[in-house]
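Enquirer: Next up is a structure, given as structure tokens.
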Amino acid sequence: MTKKVLLVGESWITNETHFKGFDHFSSAHYHTGAEPFLEAVRDEFDVTYMPSHEAAGGLPFDRDGLDAWDVIMLSDIGANTLLLPPEVFLKSERRPNRLKLLRDWTQDGGGLMMVGGYLTFQGIDGSGRWHRTPVEQALPVTCLPYDDRLEIPDGFKAEITGDADHPILKGVPGDWPYIIGANEIVPRDGAEILARLPQDEGGHPLLVAGEYGKGRSIAWASDMAPHWLPPEFLAWEGYPTLWRNMLRWLAKG
Numbered sequence: 001m002t003k004k005v006l007l008v009g010e011s012w013i014t015n016e017t018h019f020k021g022f023d024h025f026s027s028a029h030y031h032t033g034a035e036p037f038l039e040a041v042r043d044e045f046d047v048t049y050m051p052s053h054e055a056a057g058g059l060p061f062d063r064d065g066l067d068a069w070d071v072i073m074l075s076d077i078g079a080n081t082l083l084l085p086p087e088v089f090l091k092s093e094r095r096p097n098r099l100k101l102l103r104d105w106t107q108d109g110g111g112l113m114m115v116g117g118y119l120t121f122q123g124i125d126g127s128g129r130w131h132r133t134p135v136e137q138a139l140p141v142t143c144l145p146y147d148d149r150l151e152i153p154d155g156f157k158a159e160i161t162g163d164a165d166h167p168i169l170k171g172v173p174g175d176w177p178y179i180i181g182a183n184e185i186v187p188r189d190g191a192e193i194l195a196r197l198p199q200d201e202g203g204h205p206l207l208v209a210g211e212y213g214k215g216r217s218i219a220w221a222s223d224m225a226p227h228w229l230p231p232e233f234l235a236w237e238g239y240p241t242l243w244r245n246m247l248r249w250l251a252k253g
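Here the sequence shown is numbered in UniProt numbering, starting from 1 and rising by one per residue.
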């Protein structure tokens with residue numbers, strides 16, 4: 001049976017002001033960063049893509065809804081989007097805490113993944129706000145309580161620390177293309193650190209896997225697309241293999 005994956009986030013809207021002498025006008029643009037990932041895995045997995053602006057009201061508020069998926073991925077989306085649906089923020093109505101639901105869903109056998117970015121883990125200016133949340137409890141890492149970005153414009157080569165036969169690394173070439181950024185995360189005791197930044201960049205974890213109750217979780221500290229993953233990484237033969245392996249492992253496939 002085809003495993004079902006929900007990707008939440010990985011979209012944004014920019015609002016620009018154009019100045020032309022005395023005059024100015026505004027324009028808005030909608031962007032997504034999920035296409036390289038979707039292209040890499042769609043032949044094997046049934047993926048539902050829920051952009052950030054849809055997640056506030058679209059991510060299920062009950063376990064039956066979450067149980068529709070084998071794997072749930074949170075990518076470049078802040079905790080506030082799930083904590084403050086319109087009913088809560090605009091009407092002060094009570095709603096189930098979906099961060100607790102995601103934690104409990106993982107504990108009962110789900111596969112949870114957090115993908116790095118400006119609004120995951122703790123993110124830019126701490127705006128991701130995943131530190132000390134129920135979702136963090138289910139991850140194989142903890143988040144820092146402040147801006148955790150590692151901006152590395154000259155790039156770094158990942159050091160592979162896991163066994164080449166590990167299900168997540170199997171078939172992935174050992175020489176990875178340059179990456180130009182990540183979130184700084186702290187591995188939990190007993191978690192598997194499969195890849196990390198080089199020591200001259202702090203040796204921080206890049207790819208961490210772990211068990212949570214009956215479920216599994218992965219922390220991938222970099223992006224799934226630009227800007228932290230350059231085009232060379234997206235074109236690399238190991239890109240689709242790595243993502244498929246991670247999803248298989250999470251789904252216990």
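Yeah, the Cβ is synthetic: ideal placement off N, Cα and C, and Gly gets one too. Please read these numbers as outputs of a predicted model, since none were measured by experiment.
(1) Can you tell me where the beta strand (DSSP E) with residue 25 in it begins and where it stops?
(2) Is DSSP giving residue 194 helix, strand or coil here?
(3) Going by DSSP, what residue range makes up the alpha helix (DSSP H) through residue 239?
(4) Take residue 250 and list the residues in its own chain whose beta-carbon comes closer than 7 Å to its own, dropping the five residues that flank it on each side.
(5) On the DSSP bridge assignment, give the partners of residue 17 in chain order.
(6) Does the structure place the region 38-47 close enough to the region 93-102 that three or more beta carbon pairs sit under 8 Å?
(7) Cutting at 6 Å between CB atoms, please list the residues of its own chain near residue 69, excluding the five before and the five after it.
(8) For residue 108, I'd like the list of residues in its chain whose CB is within less than 7 Å of its CB, leaving aside the five on either flank, ordered along the chain.
(9) Using 10 angstroms around the beta-carbon of residue 206, count the other beta-carbons present and answer buried if the total reaches 16, otherwise exposed.
(10) Output the residue ranges of the alpha helix (DSSP H) runs that lie fully inside the region 94-177 and measure 4 residues or longer, sorted by chain position.
(11) Given 6 Å as the limit, tell me if residue 109 has its C-beta closer than that to any heavy atom belonging to the ligand MG.
(12) Using C-beta distances below 8 Å, list every residue in its chain close to residue 26, excluding the 5 sequence neighbours before and after it, in chain order.
(13) Give me the DSSP bridge partner(s) of residue 42.
(14) Buried or exposed: residue 146, going by 16 or more other Cβ atoms within 10 Å of its Cβ?
(15) Whole-angstrom Cβ separation of residue 149 and residue 183, contact assumed at under 8 Å?
(16) What is the DSSP secondary structure of residue 4, reduced to helix, strand or coil?
(17) Are the region 113-123 and the region 223-234 touching by the rule of at least three beta carbon pairs closer than 8 Å?
(18) Rounded to the nearest angstrom, how far is the Cβ of residue 74 from that of residue 120, given a contact under 8 Å?
(19) Buried or exposed, going by whether 16 or more other CB atoms sit within 10 Å of the CB of residue 35?
(20) Could you pull the DSSP bridge partners for residue 185 from this structure?
(21) Going by other Cβ atoms of all chains shown within 10 Å of its Cβ, with 16 needed for buried, is residue 254 buried or exposed?
(22) To the nearest angstrom, how far is it from the Cα of residue 177 to the Cα of residue 100?
(23) Quick one: residues in its chain with C-beta nearer than 6 Å to the C-beta of residue 50, no 5 flanking neighbours on either side, listed in chain order?
Expert: Once the coordinates are examined:
(1) 23-32
(2) Strand, per DSSP.
(3) 238-251
(4) 71, 111, 113, 216, 218
(5) Per DSSP, 26.
(6) Because the criterion of three Cβ pairs below 8 Å is not met, the region 93-102 and the region 38-47 do not touch.
(7) So the list reads 4, 6, once near-sequence residues are dropped.
(8) 213, 214, 215
(9) buried
(10) The region 94-177 contains these whole alpha helix (DSSP H) runs: 98-107, 134-138.
(11) Absence of the ligand MG is noted for the structure shown, with no ligands found whatsoever.
(12) 15, 16, 17, 18, listed in sequence order.
(13) Residue 42 is not bridged to any residue.
(14) exposed
(15) 6 Å
(16) DSSP, read as helix, strand or coil, puts residue 4 in strand.
(17) yes
(18) 6 Å
(19) exposed
(20) For residue 185, the beta-bridge partners assigned by DSSP are 143.
(21) Residue 254 is absent from the structure shown; the chain starts at 1 and stops at 253.
(22) So the alpha carbons of these two residues sit roughly 36 Å apart.
(23) 8, 58
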